[in-house]
Amino acid sequence: MLLSESGDDLDELPSDLDSESEESNCSLDEDYTPRGVARGTDKDDLSDDGSSDGEWNSRRTKRRASTRQCRSVFASPMSPQRSPLKTWEQSPLRKRILRERTPKKGTRPPNTGERIYNSHRKSQSGKRQPDEDGDAEERWRDVDEEDVEPPQPRFRPERDAGPQLNRTANYTPLELFQLFFSTTVIDTLVKNTNVYGERKYQGQRESWVPVTAADMYSFICLVLYMGIVPLKTLKEFWRGSKLFCLPFPASVMPCRRFLAISRSLHMNDPEVETANDQKRGTPGYDRLSKIKPLYGQILEACHTFFHPHQHISIDERMVASKARIGFKQYIKNKPTKWGFKLFVLADSSCGYTLNFFVYGGRESEVTGKGQSYDAVMRLLDIPFLGKGYKLYVDNFYTSPTLFLDLLKRKIWACGTVRSNVSGYPKTKKNPMPEKTPRGTIRWIRKEKLLFVKWFDTREVTMCSTIHKAFSNDTAKRKVKSADGQWTVKQVPVPGCIKDYNKHMGGVDLSDALIGYYNVLHKTQRWYKTLFYHFVDIATVNAFILHKDMCKLQNRPIVTQKNFREQLILSLADIGSTPRRSGPQNFMVPVSPFKVPPLSPFKGLPASASKVGLSSQINAPLASPPQPESAPGSPSAAPPASQSTAAAPDPPGSGHLPSYFVENMSNVASRDRATAGRRACVVCKRKSPVYCSTCQKTLCFTTLRNCYSEWHRSNNICV
3 MLLSESGDDL
13 DELPSDLDSE
23 SEESNCSLDE
33 DYTPRGVARG
43 TDKDDLSDDG
53 SSDGEWNSRR
63 TKRRASTRQC
73 RSVFASPMSP
83 QRSPLKTWEQ
93 SPLRKRILRE
103 RTPKKGTRPP
113 NTGERIYNSH
123 RKSQSGKRQP
133 DEDGDAEERW
143 RDVDEEDVEP
153 PQPRFRPERD
163 AGPQLNRTAN
173 YTPLELFQLF
183 FSTTVIDTLV
193 KNTNVYGERK
203 YQGQRESWVP
213 VTAADMYSFI
223 CLVLYMGIVP
233 LKTLKEFWRG
243 SKLFCLPFPA
253 SVMPCRRFLA
263 ISRSLHMNDP
273 EVETANDQKR
283 GTPGYDRLSK
293 IKPLYGQILE
303 ACHTFFHPHQ
313 HISIDERMVA
323 SKARIGFKQY
333 IKNKPTKWGF
343 KLFVLADSSC
353 GYTLNFFVYG
363 GRESEVTGKG
373 QSYDAVMRLL
383 DIPFLGKGYK
393 LYVDNFYTSP
403 TLFLDLLKRK
413 IWACGTVRSN
423 VSGYPKTKKN
433 PMPEKTPRGT
443 IRWIRKEKLL
453 FVKWFDTREV
463 TMCSTIHKAF
473 SNDTAKRKVK
483 SADGQWTVKQ
493 VPVPGCIKDY
503 NKHMGGVDLS
513 DALIGYYNVL
523 HKTQRWYKTL
533 FYHFVDIATV
543 NAFILHKDMC
553 KLQNRPIVTQ
563 KNFREQLILS
573 LADIGSTPRR
583 SGPQNFMVPV
593 SPFKVPPLSP
603 FKGLPASASK
613 VGLSSQINAP
623 LASPPQPESA
633 PGSPSAAPPA
643 SQSTAAAPDP
653 PGSGHLPSYF
663 VENMSNVASR
673 DRATAGRRAC
683 VVCKRKSPVY
693 CSTCQKTLCF
703 TTLRNCYSEW
713 HRSNNICV
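When the letters of the sequence shown are read in order and numbered with our numbering, they come out as residues 3 to 720.
Shown next as structure tokens:
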């Protein structure tokens, strides 16, 4: 227990430092050196000669209290042990000595061999607080304060920006599409589809018919056609009703053949897929094995035939799918919320898909800096990319670590940033006021990184290595005045936000071009969904190459729809021709007959009247044109039936058009126009008309007259 001492005893204490140091109970050992004071220092360093008498007398009470504590510590052996080191650290004398020995701002401390204490203070929680100069740097600055503009990058690409093609050649849509779906890609699809088709149809009653390269071109042709003319089901493209009268699909490929290729479509070797399935659950298992050969070939083509301009952007893309697969993703802020997620690098000016990869789930993180960091570095890992690029990303990717690492690769970056990301300024000095007017700007620069806050309808935070805080840019915004009226005013806007809005939409532009004529349709196989998306990427990239080539050659640019139409027709020409069967047994051959001469009498039998009507139809084709005259005039020419009555039989007489439905029974009236249609021998399109003598199916419509063309080419009609 501590021993108490009376006030008289305290008054008897000497008033100078020497007498205090001579106290036996409170004196320190000679070998003891307080922390912060080096051994061998002069006694003058611990004296109090520099202080005035008044200051010394004012501290007398504190010295007495410390002396009493020192005496009480050594007075009783039963008292709690208190080390001399802790007593010295808590003494006012030590604190005043440290305050005097701390160097002032702008001065250099003397080299006395003593430990120099850090100028940073410690808070009550034990964390170091920055000094006053550090606090001045870590504050949000106003727009009136001038910022230093960083040096702008020099754009030095490895290749000329734009299409990597012969810039004097005139490429057709088919040639541009074949840059991506080359003969190598088609051969890969044909080989793997045939292997899987033979395995699937083995043991079934219907045997597998091998697919050729021409069949694959016809299949892709119809896939693109279905993007322009969308229907609910695939079979509706081959229906012959009035509502679904589409002759083009049947002229390219039969319905059963198209469905057979669609069911057996494969991009990888089935044996490789089987070997990969055996590795399920191990690190060697590849989730994207089913799309692998085509996946790599499309990526290589995207890299090869286009070089991006200076502004590029990275964003996610969702491919809609309801497949039950482990790596299907959900993103609530996307128009397509469920599907496969692709990370895409696109050119900001034209929307060309330069690089992409399918997210197959969480993988082993090599860098340990997050999924977004790894995604950006993987997309930018392209040979012959070059230096001086300006990358724009959203807040999912933006981080100070990423931007500083991109600077080392000579790639500048800009994007929105989240306030909870590591490296974001945590200071709350000079924040946004509660009622912030539109256009308010706050900024902080940390060496090469610029952080900007801008208030529009809400607060927007940006991070950039390209821009300065404010470059006198403005934007039109509606502002509510004091009287409640809305007026349009020019409000200040940071340059980083203005450039972000201009160049961030590269991936969105690519998504829009794909979405106009999307070839995606329902399927039970997830890899077919990605196959259709690869067709979309190839078509849109080919269209972008067409536009850039037209600009370089000062040629007119066609729309994407016209581009796709030309591509579909070209694919149909190099595709396979459908095999059509001949007429069925219900067709009764009609023997050729001659038109009997018509009698000049008015009374004619019904059969003769019918034949005369047919001869009137054919008469103008064989007779020269007559001069026009008013009807009912005396000089009017006699009727055609009378003028051809005595004439000899014209060539081609008896070759009359007939309908297949005339020899069919139990046909509904609504189906009589399309029942029994066959392929025309001239244009290969379906027609319900045939020649009653030649037994050839021929078109006879307002758009096509294959009937007359075929007979004249075979010298049957003049």
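Cβ coordinates follow ideal geometry from the N, Cα and C atoms, glycine included.
Out of curiosity, what's the CA-to-CA distance linking residue 130 and residue 155? Residue confidence is low: residue 130 scores 45 on pLDDT, short of 50, so the model does not pin down where it sits. No coordinate-derived value is stated.
Should the stretch 191 to 208 be regarded as contacting the stretch 344 to 358, the criterion being three or more beta carbon pairs within less than 8 Å? Touching, no, given that fewer than three Cβ pairs across the two stretches are closer than 8 Å.
Residue 551 - DSSP class collapsed to helix/strand/coil: Helix, per DSSP.
Could you give the first and the last residue of the continuous beta strand (DSSP E) run that contains residue 454? Element bounds for residue 454: 451 to 457.
Would you list the residues sitting across from residue 465 in a DSSP beta bridge? For residue 465, which the question treats as bridged, DSSP gives the partners 417, 453.
If contacts are defined as beta-carbon pairs under 8 Å, then residue 574 and residue 178 qualify, I think. What distance do you get, rounded to the angstrom? Their Cβ separation, rounded to whole angstroms, is 17 Å, which puts residue 574 and residue 178 out of contact at 8 Å.
What residues match up with residue 722 in a beta bridge as DSSP calls it? The shown model of the chain, from 3 to 720, leaves out residue 722, and the question about it has no answer.
In terms of residues, what are the limits of the beta strand (DSSP E) holding residue 721? Lying outside 3 to 720, the shown extent of the chain, residue 721 is not represented and no answer is given.
Taking C-alpha atoms, which residue in 318, 175, 493, 438 lies nearest to residue 473? Closest by alpha carbon: 493.
Would you mind listing the alpha helix (DSSP H) stretches within the stretch 228 to 308 that are 4+ residues and don't spill past its ends, in chain order? Correct list: 249 to 254, 257 to 266, 272 to 279, 294 to 306.
DSSP state of residue 546, grouped into three classes? Three-state result, residue 546: helix.
Pairwise C-alpha distance: residue 479 and residue 135: Unreliable positioning characterises residue 135 in this predicted model, as indicated by a pLDDT of 42, which lies under 50. The coordinate reading is nonetheless provided below. Distance between the alpha carbons of residue 135 and residue 479: 38 Å.
What separation, rounded to the nearest whole angstrom, lies between the Cα atoms of residue 396 and residue 690? Going by C-alpha positions, residue 396 is about 59 Å away from residue 690.
Based on the DSSP output, what are the partners of residue 360 in its beta bridges? Paired residues: 344.
Using only the alpha-carbon positions, how far apart do residue 695 and residue 208 sit? When rounded, the distance between both Cα atoms is 37 Å.
Helix, strand or coil for residue 190 per DSSP? In this structure, residue 190 counts as helix in the three-state DSSP scheme.
Helix, strand or coil, according to DSSP, for residue 173 in the structure here? Three-state DSSP puts residue 173 in coil, outside helix and strand.
Please classify residue 385 as buried or exposed, where buried requires at least 16 neighbouring CB atoms within 10 angstroms. Label assigned to residue 385: exposed.
What is the rounded straight-line gap between the Cα of residue 400 and the Cα of residue 390? Whole-angstrom Cα-Cα distance: 18 Å.
Run of the beta strand (DSSP E) containing residue 393, from where it starts to where it stops: Looking at the DSSP string, the run of the beta strand (DSSP E) that includes residue 393 is 391 to 395.
Where does residue 287 land, buried or exposed, given buried means 16+ other C-beta within 10 angstroms? Classification for residue 287: exposed.
Determine, using beta carbons only, whether residue 519 and residue 562 come nearer to each other than 8 Å. Contact: yes.
Can you give the Cα-Cα distance for residue 531 and residue 279, rounded to whole angstroms? Approximately 20 Å between the Cα atoms of the pair.
Just to confirm before moving on: does the CB-CB distance between residue 270 and residue 304 stay below 8 Å? Not a contact, by the Cβ cut-off of 8 Å.
Using the C-alpha atoms, what's the distance from residue 274 back to residue 398? When rounded, the distance between both Cα atoms is 36 Å.
Quick check on this structure: which residue in 452, 482, 550 has the alpha carbon closest to the alpha carbon of residue 438? For residue 438, the closest of 452, 482, 550 by C-alpha to C-alpha distance is 482.
Taking DSSP as the reference, what is the three-state secondary structure of residue 399? In this structure, residue 399 counts as coil in the three-state DSSP scheme.
Taking buried to mean at least 16 other C-beta atoms within 10 Å of its own C-beta, is residue 515 buried or exposed? Classified as buried, residue 515 has 16 or more neighbouring CB atoms from the shown chains inside 10 Å of its CB.
Between residue 547 and residue 182, what straight-line distance do the alpha-carbon atoms span, to the nearest angstrom? Near 12 Å, if we compare the C-alpha coordinates of residue 182 and residue 547.
Among residues of its own chain, excluding the 5 on either side of residue 701, which ones have a beta-carbon nearer than 8 Å to its beta-carbon? Sequence-distant partners of residue 701 (beyond 5 residues in either direction) whose C-beta falls short of 8 Å from its own C-beta, in its chain, are 682, 684, 685, 687, 689, 691, 707, 708, 709.
When DSSP labels each residue in this structure, what does residue 210 get in the three-state scheme? Of the three classes helix, strand and coil, the one that applies to residue 210 here is coil, per DSSP.
Residue from 180, 527, 555, 662 whose Cα sits closest to the Cα of residue 264: Among 180, 527, 555, 662, the Cα nearest to that of residue 264 is on 527.
Along the beta strand (DSSP E) that carries residue 488, what are the first and last residues, could you check? For residue 488, the uninterrupted beta strand (DSSP E) segment begins and ends at 488 to 494.
Are the beta-carbon atoms belonging to residue 315 and residue 394 less than 8 Å from one another? Taking a C-beta distance under 8 Å as the contact criterion, residue 315 and residue 394 qualify as a contact pair.
What are the partner residues of residue 349, as DSSP defines its beta bridges? Residue 349 is bridged to 314.
Nonlocal neighbours in the same chain, by C-beta distance under 7 Å from residue 2, ignoring five residues either side: Here the chain comprises residues numbered 3 to 720, so residue 2 is not present and cannot be evaluated.
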